[in-house]
Amino acid sequence: MVARGEIARFWSLESLHMVSSDGGAESSALVDDNGSEEDFSYEELCQANPRYLQPGGEQLAINELISDGSVVCAEALWDHVTMDDQELGFKAGDVIQVLEASNKDWWWGRNEDKEAWFPASFVRLRVNQEELPESCRSSHGEEQDEDTSKARHKHPESQQQMRTNVIQEIMNTERVYIKHLKDICEGYIRQCRKHTGMFTVAQLATIFGNIEDIYKFQRKFLKDLEKQYNKEEPHLSEIGSCFLQHQEGFAIYSEYCNNHPGACVELSNLMKQSRYRHFFEACRLLQQMIDIALDGFLLTPVQKICKYPLQLAELLKYTTQEHSDYNNIKAAYEAMKNVACLINERKRKLESIDKIARWQVSIVGWEGLDILDRSSELIHSGELTKITRQGKSQQRIFFLFDHQLVSCKKDMLRRDMLYYKGRMDMDEVELVDVEDGRDKDWNLSMRNAFKLVSKTTDEVHLFCARKQEDKARWLQACADERQRVQEDQQMGMEIPENQKKLAMLNAQKAGHGKSKGYSSCPVAPPHQNLPPLHQRHITVPTSIPQQQVFALAEPKRKPSLFWHTFHKLTPFRK
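Numbering of the sequence shown is given in our numbering, commencing with residue 48 and proceeding in unit increments.
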């Protein structure tokens, strides 16, 4: 918390009162184009939606549900491609069962047959938790699902209640979102423009992007939503037409999302100076905003545009085909899914380069060009056995990026350390599936094998996976890599050179211990050979999610002395 004396260094409370052109104080309420007020006070929003606004409220509610034996599911807002086997990888739209949420940044969850850590900011909790997908089922979950099915059979009106729940979530989150946008525009941007000695026009454009345009658009969108919202019987609300009417307007989010990584860089540079930290904290306090840093507020539009298709998908699920809004909801879902998909793809490309750069710096003995010179996305990784012509086998970890396949070897003692062993140009090879049995060219018995054959020479690389399903994943990943390269060329997807250089520079500084907090690589906790329940409690991730790579401070968490001592005594920490 910033001391009152520090706030006073910038201005007195009187000088910060918002004064209109005629000298009178401005109203704190928002006025739309028709002159009507459409604001909600913070107290009203808290009373109506306590878990949306109160810091830690949602996290507390999740843990209460889990401790009561309930199954809690979340849906991925965007892809989480990880290079660490201690993190849970998933794609946008995947369902993850949340098993623990005691840490605000990293949650422990299950997806398919794996349990691991994942970034909390990458997911949206389902409003209705009564159904658990096959990929997340456990024996306990199946029992609960059977009970839930019985309950739904006994209460046929539950379908209406489920739709009511989703409708209310859409309305409530939209109102809270408008409140956040208002706070950014009035609490931060307006004050920044008054202090021309601290901020240039270019700096403000970089930090805030077109968020004022988004604010104006969202106010109109919410106004139309409110007209279609049936307060007495929410399940009868017909909001699908609102999304269809404004679907072209949502395109403004693309500009904001593309600008966001640069905004994080600019903001992190300013926050290295105490006067800017004090300034932004003063803005937050005087606007009476919730306890979230500016970078957290600036992330909300990125999260919001990815939440819409998930909310509409859940709404469609509980909208019967006889409902008057069914066709519009279905069309709205497809429209918003396309918008979010395009934005998510570009955003993921921009954000992944920082993590890739830090990964490269962590590799011992790297040779040749930087990975970012040609690649911008990790597509797949895993262990394979490489077979030489002489029949010798080499156990390696391979990382498949767009255009490149990088080979590394694990250290025999420090399993978290990787040595560079080479790379392969995926543009110059062709994938060949190899049937199980004896290969006449190599005179070897093959199982779960495939080849990468050079297009210009007679060079052939032979790989074997441990299991048939592992081989299938690699074959699919190689096909995906070719498709991604083609799509990037068609869309003109190219990362600016200055962003690549900045990512490598930040990674090198972090690698030499010159940066702390926001530049540390998001790494999941070290693996413990303990039962899952204990594993979730032994080590809490000390890093922060990729979405907050440029966060301006360490997570607001004070580890106990026990954990501090435990970490100091843990050998071979990353």
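In this text, a Cβ means the ideal position worked out from N, Cα and C, and glycines have one as well.
Computed from a prediction, not measured in an experiment: that's the story for all the values here.
Residue i: which of the options sits nearest, CA to CA?
{"i": "G469", "options": "A139, L272, M459 and R443", "result": "R443"}
{"i": "E361", "options": "R171, A554 and C525", "result": "R171"}
{"i": "N212", "options": "N545, D417, Y467 and Q358", "result": "Q358"}
{"i": "R210", "options": "S428, T366, E162 and Y373", "result": "T366"}
{"i": "A123", "options": "R462, Y276, P348 and F169", "result": "F169"}
{"i": "T504", "options": "A519, Q523, D472 and S492", "result": "D472"}
{"i": "T129", "options": "W164, V248 and C525", "result": "W164"}
{"i": "Q546", "options": "L419, L452, K498 and Q437", "result": "L419"}
{"i": "P543", "options": "I258, G244 and P308", "result": "P308"}
{"i": "F445", "options": "D115, I113, D131 and V118", "result": "D131"}
{"i": "S428", "options": "L447, Q208, V174 and L283", "result": "L447"}
{"i": "I225", "options": "K267, I254 and R237", "result": "K267"}
{"i": "D480", "options": "A526, R393 and D342", "result": "A526"}
{"i": "Q441", "options": "M318, F510 and Q334", "result": "F510"}
{"i": "A108", "options": "M493, A148 and R436", "result": "A148"}
{"i": "Q265", "options": "M218, K514 and K487", "result": "M218"}
{"i": "A378", "options": "C304, H508, Q292 and E506", "result": "Q292"}
{"i": "S315", "options": "E279, Q250 and K270", "result": "Q250"}
{"i": "H370", "options": "E534, S117 and Q207", "result": "Q207"}
{"i": "G116", "options": "R520, D342 and V145", "result": "V145"}
If you follow the beta strand (DSSP E) that residue i is part of, which residue opens it and which one closes it?
{"i": "C120", "result": "V119 to A123"}
{"i": "T347", "result": "Where T347 is concerned, there is no enclosing beta strand (DSSP E), although the alpha helix (DSSP H) it sits in stretches over L341 to K364."}
{"i": "A148", "result": "Looking at the DSSP string, A148 is not in any beta strand (DSSP E), and its letter there is neither H nor E."}
{"i": "M218", "result": "Careful: M218 lies outside any beta strand (DSSP E), inside the alpha helix (DSSP H) at S205 to K229."}
{"i": "A310", "result": "Note, A310: premise wrong, no beta strand (DSSP E); alpha helix (DSSP H) at I299 to L317."}
{"i": "E544", "result": "Per DSSP, E544 belongs to no beta strand (DSSP E); it is in the alpha helix (DSSP H), E544 to G558."}
{"i": "C239", "result": "Counting along the chain, C239 falls outside any beta strand (DSSP E), though it belongs to the alpha helix (DSSP H) covering R237 to K241."}
Go ahead and label residue i buried or exposed: buried means 16 or more other beta carbons lie within 10 angstroms of its beta carbon, across all protein chains shown.
{"i": "E398", "result": "buried"}
{"i": "G234", "result": "buried"}
{"i": "M459", "result": "exposed"}
{"i": "P281", "result": "buried"}
{"i": "E414", "result": "exposed"}
{"i": "E221", "result": "buried"}
{"i": "A550", "result": "buried"}
{"i": "G412", "result": "exposed"}
{"i": "V248", "result": "exposed"}
{"i": "H227", "result": "buried"}
{"i": "S492", "result": "exposed"}
{"i": "W154", "result": "buried"}
{"i": "S454", "result": "buried"}
{"i": "F327", "result": "buried"}
{"i": "E111", "result": "exposed"}
{"i": "S321", "result": "exposed"}
{"i": "S62", "result": "Its pLDDT being 39, under 50, S62 is placed unreliably in this model, and the value from its coordinates should be taken loosely. So S62 counts as exposed."}
{"i": "G256", "result": "buried"}
{"i": "M318", "result": "buried"}
{"i": "N490", "result": "exposed"}
{"i": "E516", "result": "exposed"}
{"i": "A622", "result": "An answer regarding residue 622 cannot be provided, because it is not within the stretch 48 to 621 covered by the chain."}
{"i": "M336", "result": "buried"}
Would you mind giving the Cβ-Cβ distance between residue i and residue j, rounded to the nearest angstrom? I have them listed as a contact below 8 angstroms.
{"i": "A387", "j": "C353", "result": "5 angstroms"}
{"i": "D230", "j": "F344", "result": "7 angstroms"}
{"i": "V500", "j": "D449", "result": "That belief does not hold up - the Cβ atoms of V500 and D449 are roughly 20 angstroms apart, past 8 angstroms."}
{"i": "G287", "j": "I376", "result": "4 angstroms"}
{"i": "Q451", "j": "R421", "result": "6 angstroms"}
{"i": "D126", "j": "K138", "result": "5 angstroms"}
{"i": "I258", "j": "Y303", "result": "6 angstroms"}
{"i": "Q555", "j": "V408", "result": "6 angstroms"}
{"i": "L465", "j": "I410", "result": "5 angstroms"}
Tell me which same chain residues have a C-beta within less than 6 angstroms of the C-beta of residue i, skipping the five on either side of it?
{"i": "K384", "result": "P356"}
{"i": "G103", "result": "The predicted position of G103 is uncertain, since its pLDDT is 48 and thus under 50; a value taken from the coordinates is nonetheless stated next. Correct list: empty, nothing qualifies."}
{"i": "S301", "result": "I390"}
{"i": "K518", "result": "N495 and A512"}
{"i": "R237", "result": "none"}
{"i": "D372", "result": "E285 and G287"}
{"i": "E216", "result": "V174"}
Over what stretch of residues does the alpha helix (DSSP H) that includes residue i continue unbroken?
{"i": "R331", "result": "S321 to L333"}
{"i": "T253", "result": "V248 to F255"}
{"i": "A512", "result": "Where A512 is concerned, there is no enclosing alpha helix (DSSP H), given that its DSSP letter is neither H nor E."}
{"i": "V265", "result": "Per the sequence shown, the amino acid found at residue 265 is Gln instead of Val. First-last of the alpha helix (DSSP H) with Q265: I258 to Q275."}
{"i": "T288", "result": "One detail in the question is off: residue 288 reads as Ser in this sequence, not Thr. Residues G287 to Q292."}
{"i": "L478", "result": "Element bounds for L478: not the alpha helix (DSSP H) but the beta strand (DSSP E), V476 to V481."}
Excluding sequence positions up to five away, which residues of its chain have a Cβ less than 7 angstroms from the Cβ of residue i?
{"i": "Q593", "result": "Residue confidence is low: Q593 scores 36 on pLDDT, short of 50, so the model does not pin down where it sits. Its coordinate-derived value is still stated next. So the list reads P166, E398, K402 and P569, once near-sequence residues are dropped."}
{"i": "I400", "result": "L419, S423, I542, Q546, K547 and A550"}
{"i": "L283", "result": "N277"}
{"i": "C289", "result": "F268, D271, L272 and Q275"}
Does residue i come within less than 9 angstroms of chain B when only Cβ atoms are used?
{"i": "S409", "result": "The question asks about chain B, but that chain is absent: this structure has only one protein chain."}
Output needed for residue i: all residues of its chain with C-beta closer than 8 angstroms, excluding positions within five of it in sequence on either side, in chain order.
{"i": "E506", "result": "V500"}
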